[in-house]
Amino acid sequence: MSSVVFQGASALSLDAKGRLTVPARHRDVLTAIAGGQLTLTKHPEGCLMVFPRPAWEQFRDKIAALPMSAAGWKRIFLGNAMDVEIDGASRVLISPELRAAAGLNKEVMLLGMGSHFELWDAERYAAHEAAVMQQGMPDVLKDFSF
Numbered sequence: 001m002s003s004v005v006f007q008g009a010s011a012l013s014l015d016a017k018g019r020l021t022v023p024a025r026h027r028d029v030l031t032a033i034a035g036g037q038l039t040l041t042k043h044p045e046g047c048l049m050v051f052p053r054p055a056w057e058q059f060r061d062k063i064a065a066l067p068m069s070a071a072g073w074k075r076i077f078l079g080n081a082m083d084v085e086i087d088g089a090s091r092v093l094i095s096p097e098l099r100a101a102a103g104l105n106k107e108v109m110l111l112g113m114g115s116h117f118e119l120w121d122a123e124r125y126a127a128h129e130a131a132v133m134q135q136g137m138p139d140v141l142k143d144f145s146f
């Protein structure tokens with residue numbers, strides 16, 4: 001599981017029922033490592049996190065072990081988690097609650113983030129990326145060579 005790294009951006013569209021077609025380049029891997037079982041939950045920056053089930057279980061266990069001082073964040077991550085399955089047409093249903101929470105409209109961006117994905121409304125992501133670029137490099141990247 002730890003050897004699988006998801007990366008890259010996919011510009012996608014939700015259908016009228018709020019379903020997302022999983023890109024072909026990720027579909028086979030998700031089927032192999034998770035049997036098509038995914039878990040979606042809220043991300044603090046206003047998007048959704050999309051986990052293959054084994055990666056979700058690791059993340060969930062870390063969140064569940066947090067102290068009481070993090071109870072609010074436990075609620076955000078665990079209380080909003082929804083288990084979904086890739087259907088026969090390679091689609092995943094994004095619940096109305098999660099679509100509303102992340103401001104997802106028709107056009108979305110699916111970003112590979114290593115062990116999981118982030119799902120952003122396309123306009124919200126463009127604004128977020130522009131804001132990050134304007135902030136300049138954080139100190140942790142100052143000595144990084146590109």
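In our numbering, the protein residues as written are 1 to 146.
We put the beta carbon where it would ideally sit given N, CA and C, even for glycine.
In this chain, the beta strand (DSSP E) harbouring K42 covers 37-42. Contact between the segment 1-14 and the segment 104-122 is present: 3 or more CB-CB pairs across the two stretches fall below 8 angstroms. In this chain, P23 is not harboured by any alpha helix (DSSP H), its DSSP state being neither H nor E. R99 sits buried, since 16 or more C-beta atoms from the chains shown fall within 10 Å of its C-beta. Around the CB of D83, fewer than 16 other CB atoms lie within 10 Å, so the residue is classed as exposed. If you check the CB distance, A122 and V108 come in under 8 angstroms.
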